[in-house]
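Numbering (my numbering), first residue to last: 495 to 708.
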């Protein structure tokens, strides 16, 4: 059973390698553009944004945790569930393929901008901050969204092929069921990422804030 599943997975990846590579490049391009966006901001914009970041650090230091770990977990998980659900709906709509590309690009852009801004403003401390507050959960989140975007693209392209090649009889339900199962697994994985964000990254962030503002 295990060997059969492994062979099916390897075969699936081999058949759709181009799509997975395209999605990964799209995400990485978003990261690069996010970093470039930081450098394109003028001094006043950076200072205004850094002011809000500093105020957040001060609140955390003076008032303790503004948001509880459980609340962070729930908010993070709900965000990922909504984002992934929207990707599914776009895949089912057939015309949502370009929007899926934009969503994957934007996920990369947010990561690139966040890391780039912290490093730009705080230097080595910013690199450390991004490592402890952004990196842990994103080690899971980045592969999850690359897989989600790729699977959604594969399903959407399959629907277009069925529509254009009407003379070829192909079942619609099996790919749809596989899509739902894949996204259910990805949502479970996002729960693990949300736990890391709430309990690991948040704890490390609070320790960094106490030292940085101590």
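We put the beta carbon where it would ideally sit given N, CA and C, even for glycine.
Point to revise | Option in 687, 648 and 697 with minimal Cα separation from residue 507 | key: 648
Exercise for review: Can you tell me the Cβ-Cβ gap for residue 610 and residue 528, rounded? I've got them flagged as a contact below 8 Å.
Suggested key: 6 Å
Point to revise | Contact the segment 622-631 vs the segment 689-701: 3+ CB pairs below 8 Å | key: yes
Check your understanding: Do residue 602 and residue 612 have their C-beta atoms closer together than 7 Å?
Key -> no
Exercise for review: State the DSSP-derived secondary structure class of residue 591, mapped to helix, strand or coil.
Suggested key: helix
Check your understanding: Can you tell which of 505, 517 and 684 has the C-alpha that lies nearest to the C-alpha of residue 645?
Key -> 517
Practice item. Would you identify the three-state DSSP class for residue 565, choosing helix, strand or coil? Key: The answer is helix: DSSP assigns residue 565 an H, G or I state.
**Study point:** Candidates 608, 577, 634 and 543: closest to residue 596 by CA position
**Key:** 577
Check your understanding: Considering only residues of the same chain and omitting the five flanking positions on each side of residue 566, which have a CB-CB separation below 7 Å?
Key -> 691, 692 and 696
Check your understanding: Where do the ends of the alpha helix (DSSP H) carrying residue 618 lie?
Key -> Per DSSP, residue 618 belongs to the alpha helix (DSSP H) from 618-627.
**Study point:** Start-end ranges of the alpha helix (DSSP H) lying completely within the segment 510-542, minimum 4 residues
**Key:** 511-534
Review point. With a CB to CB cut of under 6 Å and the five nearest residues on each side skipped, what residues in its chain are close to residue 688?
Key: 567, 570 and 571
Exercise for review: Using three-state DSSP, classify residue 659 as helix, strand or coil.
Suggested key: Residue state, collapsed to three classes: coil.
Point to revise | Straight-line gap, residue 522 to residue 513 (C-alpha atoms, nearest Å) | key: Answer to the nearest angstrom: the Cα atoms are 14 Å apart.
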